[in-house]
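See below for the structure under consideration.
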């Protein structure tokens with residue numbers, strides 16, 4: 352079976368729509384036969400006319416009786432109530448769905464995949480289409496990252512025909528999510544969608560997909576939730592993306608639906624339509640949506656244009672094969688096939704050949720599920736792991752979740768832009784180009800650090816040392832000290848910093864030991 356990712360755009364059956372619906376050049380018109388008048392003469396014609404009239408009256412009477420009986424039928428009435436429900440939901444949700452037209456500067460590699468699957472029949476073009484959903488009255492839009500990847504211009508069309516331009520505020524390839532904002536403040540009102548609690552989604556409940564398939568704007572299809580918790584590690588198609596915990600639906604999803612919402616009968620968004628399984632490239636009743644609860648924690652970073660942080664354990668994982676599971680007397684768990692040195696798992700004592708059976712109190716048996724759980728864990732949080740060591744002994748350890756080297760490098764490169772030397776906010780201490788804030792006791796205990804960086808000035812000593820907005824600090828050492836001092840408060844840091852005139856070493860749970868120069 353082919354996997355077509357992204358029914359909303361380009362190559363993997365995600366976008367691009369068809370070149371257009373082409374009407375038939377020739378219309379075949381059915382013309383009634385003209386029968387010649389019979390030889391019966393005028394009286395014969397009158398008899399025929401009366402007979403036709405009588406029959407017509409009888410048929411009309413019978414039809415009226417039949418219609419009355421259907422209207423009174425409880426089953427028909429039930430179906431009509433359901434039809435009315437769909438109509439009400441459609442009227443409520445369609446204004447919150449937008450159609451996206453994306454222009455890129457060059458041909459996209461995903462379009463080449465799509466062209467290859469279609470035998471090279473599609474024209475190469477740099478214009479693609481997708482869908483999105485409005486998050487607020489300012490015109491902020493949630494969509495798939497693959498819909499707007501490499502976008503140079505984005506046109507947004509609303510349900511009522513209004514149009515505005517948008518830009519990408521933030522995107523995250525791993526979760527395949529992006530947030531768009533208008534390039535100029537809107538001069539008209541828009542209708543924002545309501546977000547559901549997708550943890551209540553159940554198999555068999557109604558699901559309604561709204562989007563822009565094949566550039567047929569504001570199309571609504573109806574189906575049910577076929578399954579949930581699907582994991583599809585399709586990184587070979589989308590480098591860096593990892594699709595887990597997906598909602599499966601048989602509501603028709605096609606190219607152009609990517610980034611559009613999946614609604615429940617309350618008119619609330621339960622997911623963002625992202626991909627399909629298909630042999631033909633068209634809807635075959637197997638579509639997938641990212642649950643909205645998995646999206647909510649990432650919205651703040653995406654709106655602010657900041658990198659989305661994912662938890663990191665520092666291991667390579669593999670699900671056990673069925674024949675391997677047969678030889679495990681206990682719960683199979685997830686096999687650790689590599690432990691990276693000096694990473695959280697290594698520091699917690701995990702070894703190659705260990706089997707993780709429980710993560711933070713939740714049983715795990717598939718590597719993709721465990722990766723998703725780790726990724727959703729707040730960076731710096733301490734979690735409990737239950738695992739079998741290579742000798743088969745059940746053990747328990749606690750590990751502090753960190754950042755991957757790739758994410759750490761990405762965060763270190765992130766800068767909030769030029770920073771005017773405005774005074775620090777209340778509760779902040781400015782030092783060598785960054786503002787520091789003390790964490791509340793409960794948060795400090797959970798994260799294992801006392802101070803957090805709230806601002807970084809570009810080009811400052813703190814910036815050159817690799818500090819970024821959100822970095823944590825827990826220890827301090829100057830040339831006047833023989834060892835590191837554990838930081839207990841912002842006031843303690845201020846006293847230590849003001850007495851140090853040379854380079855200072857700071858320790859961050861994620862950055863490690865970092866030297867910050869005086870100039």
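Residue numbers (this note's numbering): 352 to 870.
Backbone N, C-alpha and C fix where the C-beta goes; we use that ideal spot for every residue, glycine too.
- The beta carbon of residue 610 sits closer than 6 Å to those of 359, 481, 482, 483, 494, 495, 498, all from its chain and outside the five residues before and after it, given in chain order.
- Here residue 642 is buried, its C-beta having at least 16 other C-beta atoms within 10 Å.
- Spanning the alpha carbons of residue 535 and residue 519 requires a straight line of approximately 13 Å.
- Inter-segment contact for the region 433-440 and the region 594-609 is absent: fewer than three beta-carbon pairs are separated by less than 8 Å.
- Rounded to whole angstroms, the separation of the alpha carbons of residue 821 and residue 866 is 18 Å.
- Rounded to the nearest whole angstrom, the CA to CA distance from residue 807 to residue 618 is 42 Å.
- Contact between residue 477 and residue 454 is confirmed by a C-beta separation of about 6 Å, below the 8 Å threshold.
- The C-beta of residue 527 has 16 or more other C-beta atoms within 10 Å across all chains shown, which makes the residue buried.
- Restricting attention to beta strand (DSSP E) runs no shorter than 3 residues, the region 560-614 encloses them at 570-583, 594-600, 612-614, ordered along the chain.
- When only Cα atoms are considered, residue 486 and residue 543 end up about 5 Å apart.
- Under the three-state reduction of DSSP, residue 729 is assigned to coil, being neither helix nor strand.
- Ranking 823, 502, 575, 501 by CA distance to the CA of residue 839 puts 823 first.
- Note that the C-beta distance between residue 736 and residue 707 is below 8 Å.
- Secondary structure note for residue 667: its beta strand (DSSP E) is the uninterrupted segment 666-670.
- Within the same chain, and ignoring the five residues on either side of residue 664 in sequence, the residues whose Cβ sits closer than 6 Å to its Cβ are 695, 696, 725.
- Taking the CA atoms as reference points, residue 615 sits about 6 Å from residue 559.
- In this structure, residue 870 sits away from residue 792, with a CB-CB distance that is not shorter than 8 Å.
- Contact annotation: residue 505 and residue 531 have beta-carbon atoms nearer than 8 Å.
- The beta-carbon separation of residue 607 and residue 565, rounded to 5 Å, stays under the 8 Å limit for a contact.
- Contact annotation: residue 790 and residue 738 have beta-carbon atoms that are not nearer than 8 Å.
- According to the DSSP assignment, residue 825 belongs to no beta strand (DSSP E), since it is labelled neither H nor E.
- Judged by their CB atoms, residue 833 and residue 855 are not nearer to each other than the 8 Å cut-off.
- In the three-state scheme derived from DSSP, where H, G and I count as helix and E and B as strand, residue 794 is classed as helix.
- The distance from the Cβ of residue 561 to that of residue 448 is about 5 Å, consistent with a contact at the 8 Å cut-off.
- Residue 704 is not a Cβ neighbour of residue 685, given a cutoff of 8 Å.
- Among the bridge pairs identified by DSSP, residue 623 is matched with 641.
- From the listed residues 741, 733, 755, 743, the smallest Cα separation to residue 749 is found for 733.
- The three-state reading of DSSP puts residue 506 in strand, counting E and B together.
- For residue 844, the enclosing alpha helix (DSSP H) starts and ends at 841-849.
- In the structure shown, the three-state DSSP call for residue 737 is strand.
- Between residue 802 and residue 787, the CB-CB gap stays under 8 Å.
- For residue 427, the enclosing alpha helix (DSSP H) begins and ends at 425-444.
- DSSP, reduced to helix, strand and coil, places residue 498 within a helical segment of the structure shown.
- Nearest C-alpha to residue 845 among 521, 567, 605, 827: 827.
- 8 Å or more divides the Cβ of residue 661 from the Cβ of residue 814.
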